[in-house]
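S.K.: Position 121, counted from 1, in the sequence shown is what the working numbering calls 121; the numbers after and before it change by one each time, with no gaps.
Take a look at this one; I'll ask things after.
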Amino acid sequence: MSAGTTAAHKPLIALSRRFPDASLAILRELGEVRMPAEREEGGDLAPLFEHADCVLAIPGDRIDATLLAACTRLRFVITISAGFDHIDLQACTARGIRVAHTPGAVCAATADMAFGLLLAASRRIVEADAFVRAGRWVGQLSPLPGQDVHHRRMGIIGLGRIGALLARRARGFDMNVCYHSRRRVSEQEEAALGVCWLPLDELLAQSDAVMVQVPYGPATHHLVGTRELSLMKKTAVLVNTARGGVVDDASLAAALREGRIAAAGGST
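Put into structure tokens, the structure is as follows:
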């Protein structure tokens, strides 16, 4: 798909989802574009990808050896995400297929989303909105008071790019920020971000807001489960903007149902 691509073979670019018009205009300058109809989004990818030279996928798409076997012309797999755990890299390598991801493209947006989820969960914004829309508010003091975010302690699990951006946003709310990461950053970086390192169990026990930002893999599968949730404060809020598999959903649902933590938010 370089400038040297000839008109005799205009690359076929297959999209797993429908893209915005502005993005489509750019892609159509590079090749022929195929994407699913609205009613077909999230369906079987093989018919869509089978003759493609390049595919653009999202984390919900499983690009595995079975799918790749049906894609005889495929040369490039691009995921519009930082993570690429949904792509079988070994199978791609075996077929000479190059894989690309977008590690920095959505870091700031993800940090914004994480902080938005923290505010929504802490202040019970979604519940209050539904309460008012249902006509249940008649001027009384709010039965959904929520809790403050400012001057609380935020614990960030995974101080990568997104975690660092989140720490900077927390400073605007005068939050005390600690973190746990497999690699402790330098003292200079800690000072610049205004963060301190804690062992994971201490972070969970001391934080009012636990923010999960780690990459997903075997080492982080269900990193937050029943034991970890039991260490958290009953007033704590958990926000996961990493992959869904980092948090054990069944354990989280039980903790919320039994009132062992106050609230949770996720965008995975």
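For each residue, glycine too, the CB sits at the ideal point set by N, CA and C.
The model shown is predicted, which means the values in this text are computed figures rather than measured ones.
To the nearest angstrom, how far is it from the Cα of Ser16 to the Cα of Asp112?
M.R.: Locating residue 16 in the sequence shown gives position 16, where the first residue counts as 1. Locating residue 112 in the sequence shown gives position 112, where the first residue counts as 1. Cα to Cα, Ser16 sits roughly 26 Å from Asp112.
S.K.: Is the CB-CB distance between Arg76 and Asp53 below 9 Å?
M.R.: For the purposes of this step, residue 76 is taken as residue 76 along the sequence shown, with counting starting at 1. For the purposes of this step, residue 53 is taken as residue 53 along the sequence shown, with counting starting at 1. In the sequence as presented, Arg is not what sits at residue 76; that position holds Phe. Yes. Within cutoff.
S.K.: With a threshold of 7 Å on Cβ separation, who are the neighbours of Ala164 within its own chain once the five nearest residues in sequence on each side are excluded?
M.R.: Position 164 of the sequence shown, counted from the first residue, corresponds to residue 164. The answer, listed in chain order, is Leu193.
S.K.: Just reading off the beta strand (DSSP E) that Val195 is part of, what are its end residues?
M.R.: Counted from its first residue, the sequence shown places residue 195 at position 195. Run containing Val195: 195-197, per the beta strand (DSSP E) assignment.
S.K.: Measuring straight from C-alpha to C-alpha, what distance separates Arg73 and Ala219?
M.R.: Residue 73 sits at position 73 when you count from the first residue of the sequence shown. Residue 219 sits at position 219 when you count from the first residue of the sequence shown. Going from the Cα of Arg73 to the Cα of Ala219 covers about 34 Å.
S.K.: May I ask you to list the residues that DSSP assigns as paired with Glu32?
M.R.: Locating residue 32 in the sequence shown gives position 32, where the first residue counts as 1. DSSP output for Glu32 lists Leu12 as bridge partner(s).
S.K.: Determine the DSSP secondary structure at Ile132, reduced to helix, strand or coil.
M.R.: Within the sequence shown, numbered from 1, the residue matching residue 132 stands at position 132. Checking the sequence, you will find Val at residue 132 rather than Ile. Val132: helix per DSSP, three-state reduction.
S.K.: Using beta-carbon positions only, say whether Arg34 and Leu24 come within less than 9 Å of one another.
M.R.: For the purposes of this step, residue 34 is taken as the residue at position 34 of the sequence shown. For the purposes of this step, residue 24 is taken as the residue at position 24 of the sequence shown. Result no, Cβ atoms of Arg34 and Leu24 do not sit closer than 9 Å.
S.K.: Give every residue of the same chain whose Cβ lies closer than 7 Å to the Cβ of Trp137, excluding the five residues on either side of it in the sequence, and list them in chain order.
M.R.: Taking the sequence shown and counting its residues from 1, one reaches residue 137 at position 137. Only Phe131 meet the Cβ criterion.
S.K.: Which residues in the same chain have their Cβ closer than 6 Å to the Cβ of Thr79, if we skip the five residues on either side of it in sequence?
M.R.: Counting from 1 along the sequence shown, the entry for residue 79 is found at position 79. The residues are Ala57, His101.
S.K.: Can you give me the C-alpha to C-alpha distance between Ala46 and Pro11, rounded to a whole angstrom?
M.R.: Taking the first residue of the sequence shown as position 1, residue 46 is located at position 46. Taking the first residue of the sequence shown as position 1, residue 11 is located at position 11. Each residue's Cα considered, the two are about 17 Å apart.
S.K.: Per DSSP, what kind of secondary structure is Val247 in: helix, strand or coil?
M.R.: Translated into positions along the sequence shown, residue 247 becomes position 247. Val247: strand per DSSP, three-state reduction.
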